[in-house]
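Chemist: Have a look at this one before I ask anything.
Residue numbers (the numbering used here): 667 to 982.
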């Protein structure tokens, strides 16, 4: 009977970021007695819960062979839109639906322009990142839209037993989209398009339709995130969700999504975001300055990209 020998190098390359996560948790537990407490761990999960919803769309976009740098700005626009509509006296459900529709429509524009005109999504979303943020600031004169009813805040601050609603929303949405990506024809089409567009086209997949729909879904998820963020702080802030594109991209890459497309899992993304969240939380507990936090986070993303590239080459 033939037995397979254990390949330590292959194991380390495959699970290196997970090993880093475990090591980071051990170091932070030793360095701060506040880290490994139920309150702090729940804080970390709550902090990444809304961002992780945006990361679902980002992961799908990257798997399809694209990128979206405008997600943070779109979350801000959806947030202020929801708050402004509520302040004008519209029913909460209408304001919420409007924010999600605005997000989906922005995704439709992004996906349509990218797919139809064959433009690189990096350039399209780079332009939209500035335009959408500017629109959010123009609508609000750069000021937060406050005065929302306290009942709306319960949408984000409530709990079911000991579990925060934000965490439940995250779990439900991940379960839905993990099913979509693994068990539906549309999910398989996303992987096919990201892996090899020409092969996907020859197999009968409508490339433009798949790309556009992925951006629409991502935009709708940004709308949901914008609503939850508005409920969490009970205001719509045009400066919110700043640099979320970097955090969500980092979460996807650290979780094993290939930047070249065609490969990745949402389960890995949530682990990647947990890595980013624990890193940020740990730096705060250790008193690292805000400026140095940005440096460290940037280096971690850089390291993740390099590891991702090495893993891809070793597989090839």
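Ideal placement from N, C-alpha and C gives every residue a C-beta, glycine not left out. All figures in this text were calculated on a predicted structure; none of them were measured in a lab.
Whole-angstrom Cβ separation of residue 779 and residue 888, contact assumed at under 8 angstroms?
Modeler: About 17 angstroms separates the two Cβ atoms, so there is no contact after all.
Chemist: So what's residue 667 in DSSP terms, helix, strand or just coil?
Modeler: Low confidence applies to residue 667: its pLDDT is 46, below 50, so where it sits in the model is not reliable, and the reading given next is rough at best. Coil, per DSSP.
Chemist: Hey, out of 907, 880, 751, whose CA is closest to residue 714's CA?
Modeler: When only C-alpha atoms are compared, the closest one is 907.
Chemist: What did DSSP end up calling residue 885 once you bin it into helix, strand or coil?
Modeler: DSSP places residue 885 in helix when its eight states are reduced to three.
Chemist: At which residues does the alpha helix (DSSP H) containing residue 799 begin and terminate?
Modeler: Residues 787-806.
Chemist: Report the three-state DSSP secondary structure of residue 773 (helix, strand or coil).
Modeler: In the structure shown, residue 773 sits in a helix (DSSP, three-state: H, G or I).
Chemist: Can you list, in chain order, the residues of its chain whose CB lies under 7 angstroms from that of residue 833, leaving out five sequence neighbours each side?
Modeler: Around residue 833: 711, 712, 715.
Chemist: First and last residue of the alpha helix (DSSP H) that includes residue 941?
Modeler: Where residue 941 is concerned, the enclosing alpha helix (DSSP H) stretches over 932-951.
Chemist: Looking at the unbroken alpha helix (DSSP H) that takes in residue 831, where does it start and where does it end?
Modeler: Start and end: 831-849.
Chemist: Could you check where the alpha helix (DSSP H) with residue 918 kicks off and where it finishes?
Modeler: 910-920 is the extent of the alpha helix (DSSP H) around residue 918.
Chemist: How many angstroms separate the CA atom of residue 808 from the CA atom of residue 891?
Modeler: Cα to Cα, residue 808 sits roughly 20 angstroms from residue 891.
Chemist: Put residue 928 into one of helix, strand or coil per three-state DSSP.
Modeler: Here residue 928 sits in coil by DSSP.
Chemist: Would residue 702 be called buried (16 or more neighbouring beta carbons within 10 Å of its own) or exposed?
Modeler: Exposed is the call here.
Chemist: Between the C-alpha atoms of residue 923 and residue 755, what's the straight-line distance to the nearest angstrom?
Modeler: Residue 923 and residue 755: Cα-Cα distance of roughly 43 angstroms.
Chemist: List the endpoints of the continuous alpha helix (DSSP H) containing residue 706.
Modeler: First-last of the alpha helix (DSSP H) with residue 706: 704-729.
Chemist: Measure the C-alpha to C-alpha separation of residue 698 and residue 969 and round it to an integer number of angstroms.
Modeler: If I take the Cα positions, the gap works out to 25 angstroms.
Chemist: By the 10 Å Cβ neighbour count, where 16 or more other Cβ atoms means buried, how is residue 979 classified, buried or exposed?
Modeler: So residue 979 ends up on the exposed side.
Chemist: From the DSSP output, in three-state form, read off residue 905 for me.
Modeler: DSSP places residue 905 in coil when its eight states are reduced to three.
Chemist: Whole angstroms is fine: what's the gap from residue 871's alpha carbon to residue 862's?
Modeler: Looking at the two C-alpha atoms, the distance is approximately 11 angstroms.
Chemist: Looking at residue 883: is its Cβ nearer than 9 angstroms to the Cβ of residue 773?
Modeler: Yes; because the gap between Cβ atoms is below 9 angstroms, this pair is in contact.
Chemist: Which of the three DSSP states is assigned to residue 825 in this structure?
Modeler: Reduced to three states, the DSSP call for residue 825 is strand.
Chemist: Taking the continuous alpha helix (DSSP H) assigned at residue 697, which residues delimit it?
Modeler: First-last of the alpha helix (DSSP H) with residue 697: 674-697.
Chemist: Measure how close the beta-carbons of residue 886 and residue 770 come, nearest whole angstrom, since I'm counting them as under 8 angstroms.
Modeler: Indeed they touch by this definition, with Cβ atoms about 4 angstroms apart.
Chemist: Which same chain residues end up closer than 6 angstroms to residue 830 when comparing Cβ atoms and leaving out the 5 residues on each side of it in sequence?
Modeler: These residues qualify, in order along the chain: 712.
Chemist: Measuring CB to CB, does residue 823 end up less than 9 angstroms from residue 898?
Modeler: For residue 823 and residue 898, yes; Cβs fall inside 9 angstroms.
Chemist: Would a C-beta distance cut-off of 9 angstroms place residue 853 and residue 728 closer than the cut-off?
Modeler: No, these two residues do not count as a Cβ contact at 9 angstroms.
Chemist: Where does residue 762 fall in DSSP's three states?
Modeler: Helix, per DSSP.
Chemist: Mapping DSSP to helix, strand and coil, what is residue 954?
Modeler: Note: residue 954 maps to coil in three-state DSSP.
Chemist: How would you label residue 667, buried or exposed, when you count the other beta carbons within 10 angstroms and need 16 or more for buried?
Modeler: Because the pLDDT at residue 667 is just 46, under 50, the model does not fix this residue reliably, and the point stays unresolved.
Chemist: Given that a residue counts as buried once 16 or more other Cβ atoms are within 10 Å of its Cβ, and exposed if not, what is residue 867?
Modeler: When all chains shown are included, residue 867 counts as exposed.
Chemist: Based on DSSP bridge pairs, tell me the residues matched to residue 811.
Modeler: BP columns for residue 811 point to 902.
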